[in-house]
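Report on the structure given below.
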Amino acid sequence: MVFDLLHNAALVFAVCWLHSLVSRRFPPDTWAGQLLSGTVFALATVAAMMTTILLAPGLWLWTDAGAAVVAAAAASVGPIAGGLAALAGALYQGWMGGLAAGGAIVNLGLAFAAGEAARRLLARRGREPDWRAGLLLGLLVYGVGSWQQLHFHLRSEVAPTPGFFLAVVAVMAPLTALLVLQLSYVARKERLERRVTWLAHHDLLTGLPNRHRALELLEEMADRPGAALLYLRGLPLYNETLGSEVGDFLLRAAAERLREAAPAGGFAARTGGLEFLVAAPGGEVGAAAAAQTALAALAEPVPWGDKLLALDPVGGYAGAGEASEEGQALLRRAALALEAAREAPSTDLVPFDATLERRVQESLALKEALAQALAREELEVVYQPYLVLGEGEVRGVEALVRWRHPEYGLLGPEQFLAAAVHSGLITRVGAWVLERAALRFEELRRAGLDPPELAVNLALVELADRRLPERIAGILERTGLPAERLSLELSEVETARRPDTVLATAERLRAMGVRLAVDHFGAAQVSPLLLRALRPALVKVDRRYLAGDAADRRLAGALVGLARALDAPALALGVEEEATARACRELGFTLAQGYLYTRPLAAEELSAWLAAR
Numbered sequence: 237m238v239f240d241l242l243h244n245a246a247l248v249f250a251v252c253w254l255h256s257l258v259s260r261r262f263p264p265d266t267w268a269g270q271l272l273s274g275t276v277f278a279l280a281t282v283a284a285m286m287t288t289i290l291l292a293p294g295l296w297l298w299t300d301a302g303a304a305v306v307a308a309a310a311a312s313v314g315p316i317a318g319g320l321a322a323l324a325g326a327l328y329q330g331w332m333g334g335l336a337a338g339g340a341i342v343n344l345g346l347a348f349a350a351g352e353a354a355r356r357l358l359a360r361r362g363r364e365p366d367w368r369a370g371l372l373l374g375l376l377v378y379g380v381g382s383w384q385q386l387h388f389h390l391r392s393e394v395a396p397t398p399g400f401f402l403a404v405v406a407v408m409a410p411l412t413a414l415l416v417l418q419l420s421y422v423a424r425k426e427r428l429e430r431r432v433t434w435l436a437h438h439d440l441l442t443g444l445p446n447r448h449r450a451l452e453l454l455e456e457m458a459d460r461p462g463a464a465l466l467y468l469r470g471l472p473l474y475n476e477t478l479g480s481e482v483g484d485f486l487l488r489a490a491a492e493r494l495r496e497a498a499p500a501g502g503f504a505a506r507t508g509g510l511e512f513l514v515a516a517p518g519g520e521v522g523a524a525a526a527a528q529t530a531l532a533a534l535a536e537p538v539p540w541g542d543k544l545l546a547l548d549p550v551g552g553y554a555g556a557g558e559a560s561e562e563g564q565a566l567l568r569r570a571a572l573a574l575e576a577a578r579e580a581p582s583t584d585l586v587p588f589d590a591t592l593e594r595r596v597q598e599s600l601a602l603k604e605a606l607a608q609a610l611a612r613e614e615l616e617v618v619y620q621p622y623l624v625l626g627e628g629e630v631r632g633v634e635a636l637v638r639w640r641h642p643e644y645g646l647l648g649p650e651q652f653l654a655a656a657v658h659s660g661l662i663t664r665v666g667a668w669v670l671e672r673a674a675l676r677f678e679e680l681r682r683a684g685l686d687p688p689e690l691a692v693n694l695a696l697v698e699l700a701d702r703r704l705p706e707r708i709a710g711i712l713e714r715t716g717l718p719a720e721r722l723s724l725e726l727s728e729v730e731t732a733r734r735p736d737t738v739l740a741t742a743e744r745l746r747a748m749g750v751r752l753a754v755d756h757f758g759a760a761q762v763s764p765l766l767l768r769a770l771r772p773a774l775v776k777v778d779r780r781y782l783a784g785d786a787a788d789r790r791l792a793g794a795l796v797g798l799a800r801a802l803d804a805p806a807l808a809l810g811v812e813e814e815a816t817a818r819a820c821r822e823l824g825f826t827l828a829q830g831y832l833y834t835r836p837l838a839a840e841e842l843s844a845w846l847a848a849r
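Per our numbering, the very first residue in the sequence shown carries number 237; after that it's consecutive.
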């Protein structure tokens, strides 16, 4: 008897160890893991009975005990494993026949139920299923019910009886139901996992692979990959004027075209809001061909109702330097080429080259130097007045930032403000310029030289900051500058890119009393309805309309008419000659700014210039 006990215990621990090996490769919460675990435990159940019968044919109690313990341990792992183990034991005992077999089947069923109860109890407490809990419960259940089996074994013939068949049915019915439920659960779980995996690797709107999946696919390409990134410039306008549902429709249409345009061995993906990727084998040559095909596909207008909507694509491409190169490095170079294409007015497709890489390195160095310039107070503010045409009356003064670089000399804003935006320093630079100019403006007021208003430029990222009105209010309070004498100039290009943010911020600034102006009007495509919603107090027309031919000046006159429709005076930028000033008056301009009147002046020079007038 002791030998049989040790034998069954060793068998149970051996099969559980074998199950742990199986579950490392096939987790129990999958179809394969459940079936393999069930098979292992089923074979162990039969082995527990067979070996005991062979070693000690009269000890039926210990034979069934080994089977019941294995079934309970299996049920603690999962219903399928426990069901198969108990079913194997029941069939084997049925083959052996007799009422003793019927009692054993009942005990197997009870052991299975105990193991399943242990598994559910552990799951409720947030713990992993453990076969040892089922082992203890299986022994307890068997100890309570084994006397009945022993009674029938000692007092009856070993032959099939109706009780045996009833026992089989009593065990088989719940086992079958539990097996079906578990198989259904596993199927639902696997479907859910496949859906979650798909969502983690694809864009929900277009169905294309997302950036994460695109990087994986790039690294899986056998041939040297090439990447073309494309940006849809036309979509922001349609989102503003027609609504986001039209923008979503256009994104899906663009995705379908790119999916069809992707070359053999390549793929299309959505890597950003308005940014798509087309990957192709063949390095830079393959990327160039894929980019041209994709641009041609996107260049065709998209029908929407009775309208044809233009996506206005632009792209940049790059090829992997070697087959083993990471996809992240390839996408970074393609992104640099795309950025160059977005900034270039004369081309829609730009290849990557080494100059773009050098430009990035220079930009990084400039960012680091700019951070030091703020600490060392190397930035300066200069001032350029703007006047009433024909009268010479000063209407206001615009504050402009300069950087006195220790190596490159005096730098204008076009040489470093982009680096300030990309580095996140633009907020500090903007606040510094506004506070320094406001303090100077108060000094002019105390000297009796103050112009009616102070104009300060704002960058797009500053407008996107919801704390901007609070920061401006704090600066006005510290410097004493009245809010109604401050004019914030918004670039028309930036206004077109982020209309919702700009309008929300503009409304809060107007509520404070701050005036708003549109700078470089006509430099970008922007909806007149958006300008109307912005309600600018001043419109500054881009200088290129005045420097061109007669046709350009007629367009300047049209822009003056649009400004008048917005109830805003028009200011001519870049007036350098008296003839240009006369032309501006004829076109209807009210104000002018340019070298004809003065160049940007340092603070002391501005005081002298105002005093001389």
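Where is the CB? At the ideal position from N, CA and C, for every residue including glycine. Keep in mind that this is a model prediction, so the values were computed, not measured.
First and last residue of the uninterrupted beta strand (DSSP E) at residue i
i: Gly632; result: Val630 to His641
i: Gln564; result: Not the beta strand (DSSP E): Gln564 falls in the alpha helix (DSSP H), residues Gly563 to Glu579.
i: Leu468; result: Pro461 to Leu468
i: Leu722; result: Leu722 to Ser727
i: Ala683; result: Taken as a continuous stretch (DSSP letters only), Ala683 belongs to no beta strand (DSSP E), as it is neither H nor E.
heavy atom of the ligand SAH below 7 Å from residue i C-beta
i: Cys820; result: Inclusion of the ligand SAH in the displayed structure is not the case, the ligand content being empty and no account of it being possible.
Contacts around residue i, its chain only, beta-carbon distance under 7 Å, and the 5 residues preceding and following it disregarded
i: Ala673; result: Val617, Ala635, Leu690 and Val692
i: Gln564; result: Leu451
i: Phe503; result: Pro445, Leu453 and Ala515
i: Ala792; result: Val777, Tyr781, Leu782 and Leu823
i: Val669; result: Val617, Ala635, Val637 and Val692
i: Thr442; result: Leu487, Arg488, Ala491 and Arg506
i: Phe485; result: Trp540
i: Trp383; result: Only weak support is given to the placement of Trp383: the predicted model assigns it a pLDDT of 43, under 50, and the question is left unresolved by the model.
i: Leu390; result: In this predicted model, Leu390 has a pLDDT of only 45, less than 50, meaning its place in the structure is not dependable enough to derive any value.
i: Pro772; result: Leu752, Ala753, Val754, Leu802 and Ala804
Proximity winner among the options, relative to residue i (alpha-carbon distances)
i: Glu452; options: Ala611, Arg640 and His437; result: His437
i: Leu827; options: Ala794, Pro705 and Val624; result: Val624
i: Arg664; options: Glu720, Asp788, Glu643 and Asp701; result: Asp701
i: Arg631; options: Asp589, Pro688 and Tyr619; result: Pro688
i: Ala838; options: Ala799, Trp639 and Glu650; result: Trp639
i: Glu720; options: Ser727, Arg703, Arg790 and Val750; result: Val750
i: Pro461; options: Arg447, Thr741, Gln528 and Leu566; result: Leu566
i: Leu646; options: Glu614, Ala524 and Leu717; result: Glu614
i: His641; options: Asp788, Asp439 and Arg612; result: Arg612
Between the CA atoms of residue j and residue i - distance to the nearest angstrom
i: Ala804; j: Gly648; result: 29 Å
i: Tyr474; j: Thr507; result: 21 Å
i: Glu604; j: Ala656; result: 10 Å
i: Ala695; j: Glu429; result: 45 Å
i: Leu675; j: Thr591; result: 42 Å
i: Leu739; j: Ala753; result: 13 Å
i: Ala532; j: Asp548; result: 11 Å
i: Leu770; j: Gly519; result: 47 Å
i: Arg568; j: Arg746; result: 41 Å
i: Leu545; j: Pro539; result: 6 Å
i: Leu478; j: Ala844; result: 52 Å
i: Gln608; j: Tyr644; result: 15 Å
i: Arg595; j: Glu536; result: 33 Å
i: Thr834; j: Leu846; result: 11 Å
i: Ile711; j: Glu671; result: 6 Å
i: Leu471; j: Phe652; result: 29 Å
Interface flag, residue i vs chain C, CB-CB below 8 Å
i: Val775; result: Among the chains of the structure shown, chain C does not appear; only one protein chain is present.
Contact set for residue i: own chain, Cβ-Cβ below 6 Å, skip 5 residues either direction
i: Glu627; result: none
i: Val380; result: Any reading at Val380 must be qualified, since the residue scores a pLDDT of 45, below 50, and its modelled position is unreliable; the value itself is stated next. If we look at Val380 and ignore the five residues flanking it on each side, it has no Cβ neighbours.
i: Val586; result: Gly552, Ala573, Ala576 and Ala577
i: Val811; result: Ala817, Ala828, Gly830 and Leu832
i: Pro499; result: Ala516 and Ala526
i: Ala497; result: Thr529, Ala530 and Ala533
i: Ala799; result: Val775 and Ala806
Cβ shell of residue i (< 8 Å), same chain only, five flanking positions each side left out
i: Leu610; result: Leu661, Arg664, Val665 and Trp668
i: Glu814; result: Leu832
i: Asp584; result: Leu531, Pro549, Val550, Gly551 and Ala577
i: Ala580; result: Val586
i: Leu494; result: Leu444, Leu466, Ala504, Phe512, Val514, Ala530, Ala533 and Leu534
Unbroken alpha helix (DSSP H) run spanning residue i, endpoints
i: Asp755; result: Careful: Asp755 lies outside any alpha helix (DSSP H), inside the beta strand (DSSP E) at Arg751 to Phe757.
i: Gln597; result: Ala590 to Arg612
Practice problem: Please confirm if the stretch 582-601 is in contact with the stretch 818-836, defined as three or more CB-CB distances below 8 Å between the two stretches. | Solution: no
Quiz item: Are there three or more Cβ pairs, one per stretch, closer than 8 Å when the stretch 461-475 is compared with the stretch 505-525?
Solution: yes
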